[in-house]
Amino acid sequence: MSRYLFEYIGNLATLRVLRALSYSSCHLRELAALTSLSPAGVSDILRRLTSFGLVSEHRHGKRKVFELQVDNQERKYLQEFFRLYEESWLKRRSAEFSLNAQEKLNWMDESLSFFKEVKAKINDTANNS
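Counting in this note's numbering, the sequence shown runs from 52 upward without gaps.
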């Protein structure tokens, strides 16, 4: 199951949905509001994630509630990934205003290397589970 999760983690819209679900289960409209995506877009992502067994759905009254199907360790890795991603994004945004072109290129290379390392660690952990 984990390998599918990390296969789709590169898509920004999917990342938004996974981030929201990593903290709590939600219904479709909640996810659309939390992710700033259209309900149709969220529905497509949920359908794909559900088909891979990464997300499950159940009814709560008239609404379908969606929940990420990962164990606690995987959830912690996901939350840490999102924390690092957001931290890196904020640093990048602030750096854009103060770096010359070469410094920006160096920073982007370092960031790419960092994310490759994080992905490798996540994949190693997922493969060892």
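For every residue, glycine included, the Cβ atom is placed at its ideal position computed from N, Cα and C.
Fair warning: this is a prediction, and the values are worked out from it, not measured in the lab.
query: Since leucine 72 is in the alpha helix (DSSP H), which residue starts that stretch and which ends it?
result: 63–74
message: Measuring only the C-alpha atoms, how far is leucine 163 from threonine 101?
response: 29 Å
message: Within the continuous alpha helix (DSSP H) that includes valine 93, where are the two ends?
response: Per DSSP, valine 93 is one residue of the alpha helix (DSSP H) stretching across 90–102.
task: Return the chain-ordered list of same chain residues with a C-beta closer than 7 Å to the C-beta of alanine 64, the five sequence neighbours on each side being excluded.
output: Leu88, Gly92, Ile96
message: Do serine 73 and glutamine 124 count as a contact pair if the criterion is CB distance below 7 Å?
response: Not a contact, by the Cβ cut-off of 7 Å.
task: With DSSP collapsed to three states, give me the class of leucine 105.
output: coil
task: Please work out which residues of its chain come closer than 6 Å, Cβ to Cβ, to glutamate 161, disregarding the five sequence neighbours upstream and downstream, and give them in chain order.
output: There are no such residues.
task: Assign lysine 167 to buried or exposed, taking buried as 16 or more other Cβ atoms, counted over all protein chains shown, within 10 Å of its Cβ.
output: exposed
Lysine 115 (DSSP reduced to helix, strand or coil): strand
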